[in-house]
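Contents: one structure, followed by commentary.
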Amino acid sequence: MTPRIEQFRHDKVSTFGIGTELSEVQWRSVFRQLMARGFIAVDMDGYGSLKLTEESRSVLRGEETVYFRKDIAKSKTSSQRKKTSRAARDFSGKAADKALWETLRNKRKELAQEQGVPAYIIFHDATLMEMVASHPQSLHELSLVSGVGASKLEKYGEEFLSVLCL
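Numbering (our numbering), first residue to last: 2 to 167.
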């Protein structure tokens with residue numbers, strides 16, 4: 002319960018509190034699986050929120066049952082260790098690469114804030130790392146970076162090239 006829930010009386014809705022037995026990680030898994038099945042999609046016009054698709058109607062009407070796989074829990078410390086060691090390995094002794102990485106991340110953050118979406122919607126960290134490694138100097142070279150499709154190239158290509166070509 003939060004003051005906002007009380008204010009809008011969401012606690013009076015019959016479905017209030019359903020799903021509290023799932024953790025945040027488990028809910029993310031549910032969303033990923035629903036997205037993979039085509040029942041929900043990212044609403045780019047709605048600032049990256051999720052929306053129901055036409056395919057979800059059969060589930061909502063009870064005509065189709067959805068089963069979810071249970072993900073195996075990963076050790077948080079080991080995944081944190083991997084991220085830290087990967088970033089440290091990628092930029093150890095390369096001040097210019099580290100500076101470029103930070104500049105690319107700042108550009109991504111700036112664009113994400115302008116659009117009201119999470120930064121990963123613009124580009125994932127892995128894509129930015131590949132940009133640092135390959136240092137593309139043209140739109141064609143940038144299009145060869147994993148994670149840069151035609152749509153993202155058109156939307157963000159010039160912005161990121163301006164950072165890469167400094």
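Cβ atoms here follow ideal geometry from the backbone N, Cα and C, with glycine treated the same way.
Item, Value
"Three-way DSSP call (helix, strand, coil) for isoleucine 41 in this model", "strand"
"Serine 24 - containing alpha helix (DSSP H), residue span", "That residue, serine 24, is in no alpha helix (DSSP H); it is neither H nor E in DSSP."
"Host alpha helix (DSSP H) of leucine 154 (start-end)", "151-165"
"Which residues DSSP lists as bridging lysine 52, in chain order", "Ala42"
"Supposed close pair valine 164, leucine 112 - CB separation, criterion 8 Å", "Their Cβ separation, rounded to whole angstroms, is 11 Å, which puts valine 164 and leucine 112 out of contact at 8 Å."
"DSSP-derived helix/strand/coil call for glycine 47", "helix"
"Simplified DSSP assignment, three categories, for isoleucine 123", "helix"
"Assigned exposure category for phenylalanine 124 - 16 Cβ within 10 Å defines buried", "buried"
"Cβ-based neighbour list, valine 43, same chain, cut-off 7 Å, excluding 5 preceding and 5 following", "Gly49 and Leu51"
"Coarse secondary structure for valine 67, derived from DSSP in three states", "coil"
"Three-state secondary structure (DSSP) of isoleucine 6", "helix"
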